[in-house]
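Below: the structure, in structure tokens.
Numbering (the UniProt record's numbering), first residue to last: 1 to 148.
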């Protein structure tokens with residue numbers, strides 16, 4: 001079967017580098033994950049993948065996610081809400097802010113925070129190898145202006 005170049009993706013490239021068998025359905029799932037700018041759970045990933053290829057089953061998505069996780073391509077995240085979400089492992093250390101009302105997960109990077117964490121590690125006699133920080137919060141309400 002000829003490779004569909006439209007579905008080539010960074011995740012598919014990593015799979016090939018690792019010598020993994022890349023079926024058409026896995027290629028589609030890899031493409032959908034590569035195009036994601038959020039942290040989808042398996043159900044959301046399935047909805048997106050089936051829009052590209054209606055032959056994909058939820059079982060295939062579960063198996064593929066597990067395979068990608070076992071091979072270090074995906075990282076499982078638990079941001080609450082009773083469902084695991086996934087992100088690729090290739091974009092380095094970053095932090096997450098989770099809106100407790102909507103479940104929205106926002107990524108952010110902060111060099112000052114990284115320096116602070118490295119300093120804490122050094123004071124304790126360690127070099128920080130990696131970090132994981134999740135902030136949970138509610139959006140601040142704008143103060144209403146008083147009539148003058």
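For each residue, glycine too, the CB sits at the ideal point set by N, CA and C.
Bear in mind that the values here come from a model prediction, so they are computed numbers and not experimental data.
Buried versus exposed call for residue 70 [16 or more other C-beta atoms within 10 Å across all chains shown] = exposed
What is the residue span of the alpha helix (DSSP H) that residue 112 lies within?
-> 111–123
Quick one, are the C-beta atoms of residue 74 and residue 65 less than 8 Å apart?
-> yes
Using three-state DSSP, classify residue 126 as helix, strand or coil.
-> coil
Measure the alpha-carbon distance for residue 13 versus residue 141 and round it to whole angstroms.
-> 44 Å
Once you ignore the five residues that flank residue 136 on each side, which residues in its own chain have a CB closer than 7 Å to its CB?
-> 98 and 100
Would you report the Cα separation of residue 124 and residue 115, rounded to the nearest angstrom?
-> 14 Å
Could you check if residue 113 is buried or exposed, using at least 16 other CB atoms within 10 Å of its CB as the buried criterion?
-> exposed
Residue interval of the alpha helix (DSSP H) (run including residue 31) = 24–35
For residue 25, which option in 18, 68 and 53 has the closest C-alpha, if you only look at C-alpha atoms?
-> 53
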